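> Mind looking over this structure? Questions follow.
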Amino acid sequence: MDTTRFPTWDNYFEKLLEEPKESWIIQGHQAHIPAYSWDIDPSSLCSRILSVREQLSREFANDLQVVSDMGGQTLQWYWERVKNMDKSSSLSSLKGSRDYFLFLEINVDDPQSDHKPSPLRRGNFDLLILLATEEAIHRVLNRWELKKSTGELRGSEFVCHGFLENFYQDKQHLFHGPVTYGKTDDILEELLSSSLSFKNIPENGGENGNDGTSSSVIDPTQIAELILREREQVALEWKEIASEAPQYHMKIQKLRLDRMMMGNKGQAEETRESSSGGGGIFE
1 MDTTRFPTWD NYFEKLLEEP KESWIIQGHQ AHIPAYSWDI DPSSLCSRIL
51 SVREQLSREF ANDLQVVSDM GGQTLQWYWE RVKNMDKSSS LSSLKGSRDY
101 FLFLEINVDD PQSDHKPSPL RRGNFDLLIL LATEEAIHRV LNRWELKKST
151 GELRGSEFVC HGFLENFYQD KQHLFHGPVT YGKTDDILEE LLSSSLSFKN
201 IPENGGENGN DGTSSSVIDP TQIAELILRE REQVALEWKE IASEAPQYHM
251 KIQKLRLDRM MMGNKGQAEE TRESSSGGGG IFE
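Residue numbering for the sequence shown is 1 to 283, as defined by UniProt numbering.
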């Protein structure tokens, strides 16, 4: 969407409702194909778009709750795979995508199904996980960066901040553009698979001319747990926003109804004028 022309999401619908009704005539180049007209009603288009938007918001609200609840399951799933891995298998055998079978069991083409999700729900769910994970990484890094600016970032947090920052920079391209399904799991697996390490850092961050050093541990598992806990909060915040989407639609729906009433009123006045005109048999 052109954000210059439509600075906010509701500007698009406001402009759409200002457009008049149109009727297009579709003609074929062959004589045996008859021409037909296609009526375009902006008010009807607006209603249909809002209906789809509300369906997506309800699905997002439900799926974000699932994202919030699955943090501990992600760690449990990973450690179970490590435990069950054959001794002859390499660590790379843990790489791969997990399918979310809840959505695979839903047939969107079944007219008898009580639950009719949007056709792209499986992909939307995976996208929500990816975006929520990236937002969680941003928040963890920003929190550490704030403590670093005030001189409060020391010890293991200091070295973990540098480790996660480098890890995210190396994997940043995986959060944008076309990616394979389940890429979030692969990113978290790689983080969890990273080895425990130690790093020498200046005491007190090297401030006050102190040349002493201390050894701090970099625990990728602890970093992953921080990200997953933060992702739970991100998902709950986004769920609240998604749940409120229908309320924001009320303004557009009211505007749409007002335009429809104005149109009906104009048509009624034209009808009265034409019926009161000359040419009757009693004149």
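Glycine included, every Cβ here is placed at the ideal spot set by N, Cα and C. Because the structure is a prediction, the values reported are computed rather than measured.
Residue 134 to residue 27, Cα distance in whole Å?
Computed Cα separation, rounded: 50 Å.
> Helix, strand or coil, according to DSSP, for residue 49 in the structure here?
Looking at residue 49 - three-state DSSP - the assignment turns out to be helix.
> Check whether the Cβ atoms of residue 67 and residue 235 lie closer than 8 Å to each other.
yes
> Counting Cβ pairs, one atom from each stretch, are 3 or more of them under 8 Å apart for the stretch 68-79 and the stretch 37-53?
Touching, no, given that fewer than three Cβ pairs across the two stretches are closer than 8 Å.
> Just to confirm, are residue 216 and residue 159 a CB contact at a threshold of 8 Å?
yes
> Between which two residues does the alpha helix (DSSP H) carrying residue 140 extend?
Annotation for residue 140: the continuous alpha helix (DSSP H) segment containing it runs 121-149.
> Give the straight-line distance between the Cα atoms of residue 144 and residue 161, rounded to the nearest whole angstrom.
6 Å
> Helix, strand or coil for residue 179 per DSSP?
Residue 179 sits in coil when the DSSP states are folded into three classes, being neither helix nor strand.
> Do you know offhand how far residue 18's Cα is from residue 44's?
13 Å
> Between the C-alpha atoms of residue 150 and residue 141, what's the straight-line distance to the nearest angstrom?
14 Å
> In terms of alpha-carbon separation, which member of 172, 183, 224, 30 lies closest to residue 195?
224
> Quick check on DSSP: helix, strand or coil for residue 10?
It is helical.
> Kindly say whether residue 143, judged by its beta-carbon, lies nearer than 8 Å to any beta-carbon of chain C.
Annotation note: the requested chain C is absent from the structure, which comprises a single protein chain.
> Determine the burial state of residue 121: buried for a count of at least 16 other Cβ atoms within 10 Å of its Cβ, exposed for fewer.
In this structure residue 121 is buried. Its beta-carbon is surrounded by 16 or more other beta-carbon atoms within 10 angstroms.
> Specify the secondary structure class of residue 199 as computed by DSSP and reduced to three states.
Here residue 199 sits in strand by DSSP.
> If you measure between the beta carbons of residue 227 and residue 137, is that distance less than 8 Å?
Here residue 227 is near residue 137, since their CB atoms are less than 8 Å apart.
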